[in-house]
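Per my numbering, the very first residue in the sequence shown carries number 1; after that it's consecutive. A virtual CB, placed ideally from N, CA and C, is assigned to each residue, including glycine. Working notes, beginning with the structure itself.
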Amino acid sequence: MATSGAGDHGQGQGQGHGRFASSLTARYSDWVLETLDELPGSFLLTDPALPGHPIVYASRGLAALTGYAPRDVLGRNARLFQGAATDRATVAGVREAVRAHRPHQAAILNYRRDGAPHWVLLHLAPLFHARDGTLLHFLAVQVPIAPAAVARGATCHTTGHLLAACRDEASRVAEDFPCATHAGKVFVDMDKRVCCCRAGDRGTTCT
């Protein structure tokens with residue numbers, strides 16, 4: 001399983017992948033990448049304006065969760081985390097949210113670099129320019145879910161805590177994007193409607 005040290009992370013995100021780093025630095029202040037490196041949690045940023053909608057930033061927490069070092073995922077589409085048993089309907093829901101530029105949440109079966117399957121609660125949020133409303137990036141936050149919890153169906157209480165964790169993480173990330181709208185706010189309405197969400201055998205969606 002791949003690991004990522006401090007030097008490895010900096011090189012993978014910056015010097016080694018300047019084109020993807022410029023997706024951030026061309027739109028935000030120069031200190032954004034450095035600040036993002038200090039944030040905990042598992043999250044990534046994608047750029048829908050680039051061909052293939054590639055990942056342009058991956059957190060240290062994502063490396064710990066998936067086994068992929070930042071240099072291994074930059075420039076690739078987030079579908080690399082999917083596998084044979086990933087529910088196609090859940091994936092279709094995520095794609096539709098991307099096309100519609102709207103937030104989305106789903107429980108999804110992903111795969112680590114070593115091939116091991118693992119469940120995550122995925123929260124997707126579009127980042128818009130605060131002045132003209134232009135779509136800049138998508139923020140995707142992943143929170144691990146115990147397989148047993150997915151199998152028995154997530155309760156409102158459990159899902160609510162996961163939502164709160166994702167919303168807090170999104171808020172921390174978005175605070176470092178001064179020209180973008182606050183991503184954490186997009187989860188507020190989701191949190192209000194969390195009791196409408198039910199976890200099935202394969203996935204949970206609530207949009």
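When only Cα atoms are considered, residue 141 and residue 26 end up about 23 Å apart. By the Cβ rule, the stretch 72-83 counts as touching the stretch 51-64, because three or more pairs are nearer than 8 Å.
Per the coordinates, the alpha-carbon of residue 143 lies some 5 Å from the alpha-carbon of residue 121. In the three-state reduction of the DSSP assignment, residue 44 falls in the strand class.
DSSP, read as helix, strand or coil, puts residue 74 in coil. For the pair of segments examined, the stretch 108-125 was found to touch the stretch 75-83: the number of CB pairs separated by less than 8 Å reaches three. For residue 31, the number of other beta carbons within 10 angstroms of its own is below 16, and it is reported as exposed.
Taking residue 55 as the centre and dropping the five residues before and after it, the same chain places the C-beta of 20, 44, 45, 46, 73, 74, 75, 76, 77 and 78 closer than 8 Å to its C-beta, in chain order.
Taking the Cα positions, residue 132 is about 16 Å away from residue 49. Its Cα nearest to that of residue 101, the residue 136 stands out among 89, 119 and 136. The three-state secondary structure of residue 63, taken from DSSP, is helix. The Cβ atoms of residue 103 and residue 125 lie closer than 8 Å to each other. Linking residue 91 to residue 138 through their CA atoms gives a straight-line distance of about 16 Å.
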